[in-house]
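Have a look at the structure below, then the notes.
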Amino acid sequence: MKTTTQAKVLVLFAGIGLSIASAKTYHITVSDHTQVAGTQLKAGDYRVKVDGTVATLTGENNKKVEATGTVQSSDQKFPETALEVSQGTDGMNHITAIDLGGTSTKLTFSN
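Going by numbering that gives the first Met the number 0, the residue at position 7 of the sequence shown is 6; the numbering climbs one at a time, nothing skipped.
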């Protein structure tokens with residue numbers, strides 16, 4: 000019985016470790032007021048932590064915004080992390096995608 004419990008604990012910690020290891024952090028600069036997931040971001044630098052389909056943007060004031068997107072693959076790796084922005088019918092800029100530098104992964108958002 001003791002071995003089974005130890006094995007379960009080991010599997011649990013291994014799963015947690017893989018979850019943490021799969022989350023990666025990138026850096027972006029927002030040059031103008033922009034919206035993502037219905038939240039307005041001020042111009043500035045942000046850390047972007049991507050875990051699966053969820054991007055968490057953290058600004059200089061440690062305010063966090065979570066946006067769920069769709070993962071897409073490109074034919075080539077993106078040389079740097081970059082935002083794709085479009086102007087909405089409301090006149091605001093909206094983040095439509097984040098190209099993840101060093102990977103061929105793009106996270107797209109619907110507005």
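In this text, a Cβ means the ideal position worked out from N, Cα and C, and glycines have one as well.
None of these values were measured; they are calculated from a predicted model.
Taking the beta strand (DSSP E) that S148 belongs to, which residues open and close that run?
Coverage of the chain is limited to positions 0 through 110, which leaves residue 148 absent and any answer about it impossible.
What is the rounded straight-line gap between the Cα of T38 and the Cα of V64?
Working through the sequence shown from its first residue, we reach residue 38 at position 39. Working through the sequence shown from its first residue, we reach residue 64 at position 65. Spanning the two alpha carbons is a distance of roughly 7 Å.
So, helix, strand or coil for Q71, using DSSP?
Counting from 1 along the sequence shown, the entry for residue 71 is found at position 72. If DSSP states are grouped into helix, strand and coil, Q71 belongs with the strands.
In angstroms, rounded to a whole number, what distance separates the CA positions of R46 and T88?
Sequence index remark: in the sequence shown, residue 46 carries index 47 (1-based). Sequence index remark: in the sequence shown, residue 88 carries index 89 (1-based). So the alpha carbons of these two residues sit roughly 27 Å apart.
Can you tell me which of the three DSSP states K23 falls into?
Indexing the sequence shown from 1 puts residue 23 at position 24. DSSP places K23 in strand when its eight states are reduced to three.
Measure the C-alpha to C-alpha separation of P78 and S103 and round it to an integer number of angstroms.
As a first step, residue 78 must be located in the sequence shown, where it is residue number 79. As a first step, residue 103 must be located in the sequence shown, where it is residue number 104. Roughly 9 Å separates the two Cα atoms.
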